[in-house]
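Working notes, structure below.
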């Protein structure tokens, strides 16, 4: 290696610059060749290809990469020959030329190899490729020569012996010469100079670590600038205090009366008033200066942060360069004809998200080609164009990044999914038959779930969509599937614009602030307490025609008890792909744009917490991991450790209706009791047996339990004993209503702790209502 190559330019060596140049130019070559394959044999296309090959050859020559020089020169000869012949490249020739481009990219990457003999190891591969490309460059098509995808020789000597005269002369040409018909070196150089002069900006390569540190400092600057606001508010309070002191001094002078003041006292009062006025004026001026400085500093810090943030943004095209080639090769391997259309290549994407996005999008494209797009013969039979269309779209919308992959293929056969669920024993036939289309599509994201009967190198293992879902969850995004059987499938990824900043809702839980990312919140609402119902022993409420489970954030985060400041509940509705829950918090603190700061790795993984941030006054705030919170809720439910939802009446709040739980295994009796009690103003829930009733009463919602004795699983006597044995529930009155009227059963019920024992055969409506009133009083309706 030349000594000059170790010199750094902007922190990057010449070889690193060459690798970056090779990545750009090979991407241009690949895209141009795919355009030629689609029939776009325009002069501009050939011009672009020759310029890219020539520029790459020049860059390789500068860093003394002779193998790359020779391959780029051979590709340039191929483009010149194809341009002169004015006939499209055959399929075999196109594969060979694309293989030459791949070899160039590989040679550029191999420059990272520290071993001195890597060029000798690559020589045989290069010579074989040069021999194959020589057939194309020599005009083999016009002579009817057949071009082989496999190199004629396997080593450098054999390949050289089979090289055509044209190739031999080309290989022997001086390094500063050009092939006949090739674009002279000066032409692209002048064009590039003209483009650079016309371009408003130049590109500067910067190490990612340096950029991350710069962004972190800009974020800290933004947070520190916000600290001036509470400081300015304290000045405002000082101003009010001074005004109150002045008013009290004036009141004192009036109370004493000026006629009773000595000259010295009057002079002291006047001096005191003068000093007070001067102090007020001084504070007012300093406040104005501070507010002006606060505005300027905040605006400057905001602009600085946004500018640094923009440097992290890259066009989508930087991450999708390999996809057209991948789709082309994959469709040919499967005997299909698929065209990839990319929309929104200039859409700006955060560097971190773009790096994470590449693999999931590749999986979606591979699935679309393999599973969705039909072979040409099948498409013609269905009345479709022989060539399938695969679309990759990206755009910004409402502060998020939307990336969609769609095809015009067969879509997803939901009946096949239903059958696969039963076959893989993921659901019974009865359950599978009741699943809706959206519910069936959710199973496609399960790891190991595939509709392919055999495993191939392309698909069949069932982990593609699982990879996509994990990536989307990792960046706090979401996935939507839109299936049209026979017309195609559309997969849309909704992702944040950047991972460095999150727009979040601040809530208070147990006296501490917490942040919940807005893109993971279904909605927020103020829920009246009387809207809370009990279903299967758990509190729920109705939202958009669905039952939503309700619990407090204090239960999940294990931080204190709920202390709402109004008679309504502040509820944040969270949901993932399988569940939806309402999380009750103490209060909403408003929306904030927070600079995300990673937790110290020494802390390890913290349950239900994803990151941290700083508020305007420097107060730290934890950002909730919504997926983790939902998993914690499911775990607590499965273990039966969800505490009751305490909804105690607040002083001064409007009275709430009294709630009664009626327990009976007879549907007729349950409905009779419910209607009777509801008609008198009591809110009444029902349970079919003692076990369901026991789960229900633990929510703490009820003022009275009315239960039968003979019931499956847990009978009424056992239920009464459970209630009275629980320290939290022992004050809950129990009324037993049974057909058994023997003294032994009555005594057994009262010994179990029941406050009342009535028999069904002898009571009338009024006797039951009177017993309820005796136990809990008249119903209190909300005014």
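Residue numbers (our numbering): 1 to 783. Ideal Cβ placement from N, Cα and C applies to all residues, glycine included.
Sub-9 Å separation of residue 568 and residue 488 beta-carbons = The residue given as residue 568 occupies position 568 in the chain shown. The residue given as residue 488 occupies position 488 in the chain shown. Against a cut-off of 9 Å, the Cβ pair of residue 488 and residue 568 comes out as no contact.
Can you list, in chain order, the residues of its chain whose CB lies under 8 Å from that of residue 355, leaving out five sequence neighbours each side?
-> Numbered from 1 along the chain shown, position 355 holds the residue referred to as residue 355. Excluding residues within five positions, the ones whose Cβ falls inside 8 Å are 319.
Start-end ranges of the beta strand (DSSP E) lying completely within the segment 309-374, minimum 3 residues = 313-315, 338-343 and 348-350
Between the CA atoms of residue 592 and residue 311 - distance to the nearest angstrom | Here residue 311 is taken as the residue at index 311 of the chain shown, counted from 1. Here residue 592 is taken as the residue at index 592 of the chain shown, counted from 1. Cα-Cα distance, rounded: 23 Å.
Alpha carbon of residue 771 to alpha carbon of residue 548, nearest angstrom | The sequence position of residue 771 within the chain shown is 771, counting from 1. The sequence position of residue 548 within the chain shown is 548, counting from 1. The straight-line gap from Cα to Cα measures roughly 34 Å.
From 418, 428 and 425, pick the residue whose C-alpha is nearest to that of residue 442; which is it?
-> Walking along the chain shown from the start, residue 442 turns up at place 442. Residue 418 is the option with its Cα nearest to residue 442.
Taking C-beta to C-beta, are residue 550 and residue 511 nearer than 9 Å?
-> On the chain shown, residue 550 is found 550 positions in, with the first residue counted as 1. On the chain shown, residue 511 is found 511 positions in, with the first residue counted as 1. Not in contact: residue 550 and residue 511 (Cβ atoms no closer than 9 Å).
Coarse secondary structure for residue 71, derived from DSSP in three states | Counting from 1 along the chain shown, the entry for residue 71 is found at position 71. Reduced to three states, the DSSP call for residue 71 is helix.
Where residue 314 and residue 696 are concerned, what is the direct C-alpha to C-alpha distance, given to the nearest angstrom?
-> Residue 314 sits at position 314 when you count from the first residue of the chain shown. Residue 696 sits at position 696 when you count from the first residue of the chain shown. Rounded to the nearest angstrom, the two C-alpha atoms are 54 Å apart.
State the beta-bridge partners of residue 668 as determined by DSSP.
-> One-based indexing of the chain shown puts residue 668 at position 668. In the DSSP output, where bridge partners are listed per residue, residue 668 has none listed.
Inter-residue spacing [alpha-carbon to alpha-carbon] between residue 532 and residue 685 = As a first step, residue 532 must be located in the chain shown, where it is residue number 532. As a first step, residue 685 must be located in the chain shown, where it is residue number 685. If I take the Cα positions, the gap works out to 11 Å.
Give, in chain order, every unbroken run of the beta strand (DSSP E) that is at least 3 residues long and sits entirely within the segment 696-750.
-> 704-707 and 734-738
Are residue 104 and residue 325 close, meaning C-beta to C-beta below 9 Å?
-> Here the question's residue 104 lines up with position 104 in the chain shown. Here the question's residue 325 lines up with position 325 in the chain shown. Not in contact: residue 104 and residue 325 (Cβ atoms no closer than 9 Å).
Is it the case that the Cβ atoms of residue 626 and residue 521 are separated by a distance below 9 Å?
-> Translated into positions along the chain shown, residue 626 becomes position 626. Translated into positions along the chain shown, residue 521 becomes position 521. Yes, they are a contact pair.
Pick from 424, 219 and 634 that is closest to residue 307, judged by C-alpha positions | Here residue 307 is taken as the residue at index 307 of the chain shown, counted from 1. The candidate whose alpha carbon is nearest that of residue 307 is 219.
Quick one: give me the first and last residue of the alpha helix (DSSP H) that residue 233 is part of.
-> For the purposes of this step, residue 233 is taken as residue 233 along the chain shown, with counting starting at 1. Residue 233 -> alpha helix (DSSP H) spans 228-256.
What number of angstroms, rounded off, separates the C-alpha of residue 108 from the C-alpha of residue 20?
-> Residue mapping note: residue 108 aligns to position 108 of the chain shown, counting from 1. Residue mapping note: residue 20 aligns to position 20 of the chain shown, counting from 1. Straight-line Cα distance between these residues: approximately 9 Å.
Under a Cβ-count criterion, where at least 16 other Cβ atoms within 10 Å of its own Cβ denotes burial, should residue 606 be classed as buried or exposed?
-> For the purposes of this step, residue 606 is taken as the residue at position 606 of the chain shown. Looking at its Cβ environment, which holds fewer than 16 other Cβ atoms inside 10 Å, residue 606 is exposed.
In three-state terms, what does DSSP make of residue 404?
-> Here residue 404 is taken as the residue at index 404 of the chain shown, counted from 1. In the structure shown, residue 404 sits in a strand (DSSP, three-state: E or B).
Does the beta-carbon distance from residue 701 to residue 659 come in below 9 Å?
-> By one-based count along the chain shown, residue 701 stands at place 701. By one-based count along the chain shown, residue 659 stands at place 659. Yes, they are a contact pair.
Does the distance from the C-beta atom of residue 67 to that of residue 22 stay below 9 Å?
-> Here residue 67 refers to the residue found at position 67 of the chain shown. Here residue 22 refers to the residue found at position 22 of the chain shown. Against a cut-off of 9 Å, the Cβ pair of residue 22 and residue 67 comes out as no contact.
What residues in its chain sit with their C-beta under 6 Å from that of residue 570, if we drop five residues either side in the sequence?
-> Indexing the chain shown from 1 puts residue 570 at position 570. Excluding positions up to five away in sequence, the list reads 585, 587 and 588.
Is the beta carbon of residue 18 less than 9 Å from the beta carbon of residue 50?
-> To locate residue 18, count along the chain shown from 1; it is residue 18. To locate residue 50, count along the chain shown from 1; it is residue 50. Contact: no.
Cα-Cα, which of 375, 300 and 270 is closest to residue 335?
-> Position 335 of the chain shown, counted from the start, is the residue given in the question as residue 335. The candidate whose alpha carbon is nearest that of residue 335 is 375.
Residue 338 and residue 404 closer than 9 Å at C-beta | Taking the first residue of the chain shown as 1, we reach residue 338 at position 338. Taking the first residue of the chain shown as 1, we reach residue 404 at position 404. Result no, Cβ atoms of residue 338 and residue 404 do not sit closer than 9 Å.
From the DSSP output, which residues share a beta bridge with residue 573?
-> Working through the chain shown from its first residue, we reach residue 573 at position 573. DSSP lists 523 and 582 as partners of residue 573.
Let me know the secondary structure DSSP gives residue 541 once reduced to three states.
-> The residue given as residue 541 occupies position 541 in the chain shown. Here residue 541 sits in strand by DSSP.
Assign residue 397 to one of three DSSP states: helix, strand, or coil.
-> Looking up residue 397 in the chain shown gives position 397. Strand, per DSSP.
Same chain only: Cβ atoms within 7 Å of residue 786, ignoring 5 sequence neighbours per side | In the structure as shown, the chain begins at 1 and stops at 783. Residue 786 is therefore absent and cannot be evaluated.
Inter-residue spacing [alpha-carbon to alpha-carbon] between residue 76 and residue 437 = Along the chain shown, one-based indexing puts residue 76 at 76. Along the chain shown, one-based indexing puts residue 437 at 437. Spanning the two alpha carbons is a distance of roughly 53 Å.
Would you tell me roughly how many angstroms separate the C-alpha atoms of residue 62 and residue 361, rounded to the nearest one?
-> Counted from its first residue, the chain shown places residue 62 at position 62. Counted from its first residue, the chain shown places residue 361 at position 361. Using only the alpha carbons, I get a separation of about 36 Å.
Which of the three DSSP states, helix, strand or coil, is assigned to residue 650?
-> The count along the chain shown starts at 1 and reaches residue 650 at position 650. Per-residue confidence for residue 650 stands at a pLDDT of 39, beneath the threshold of 50, marking its modelled position as unreliable; the derived number appears in the next sentence. Reduced to three states, the DSSP call for residue 650 is coil.
DSSP three-state assignment for residue 447, whether helix, strand or coil | If you number the chain shown from 1, residue 447 lands on position 447. Coil, per DSSP.
Just reading off the beta strand (DSSP E) that residue 509 is part of, what are its end residues?
-> Walking along the chain shown from the start, residue 509 turns up at place 509. Residue 509 -> beta strand (DSSP E) spans 501-509.
Kindly identify the DSSP beta-bridge partner or partners of residue 588.
-> In the chain shown, counting from the first residue as 1, residue 588 sits at position 588. Answer by DSSP bridge pairing, in chain order: 507.
From the DSSP output, read off the bridge partner residues of residue 482.
-> Position 482 of the chain shown, counted from the first residue, corresponds to residue 482. Beta-bridge pairing links residue 482 to 490.
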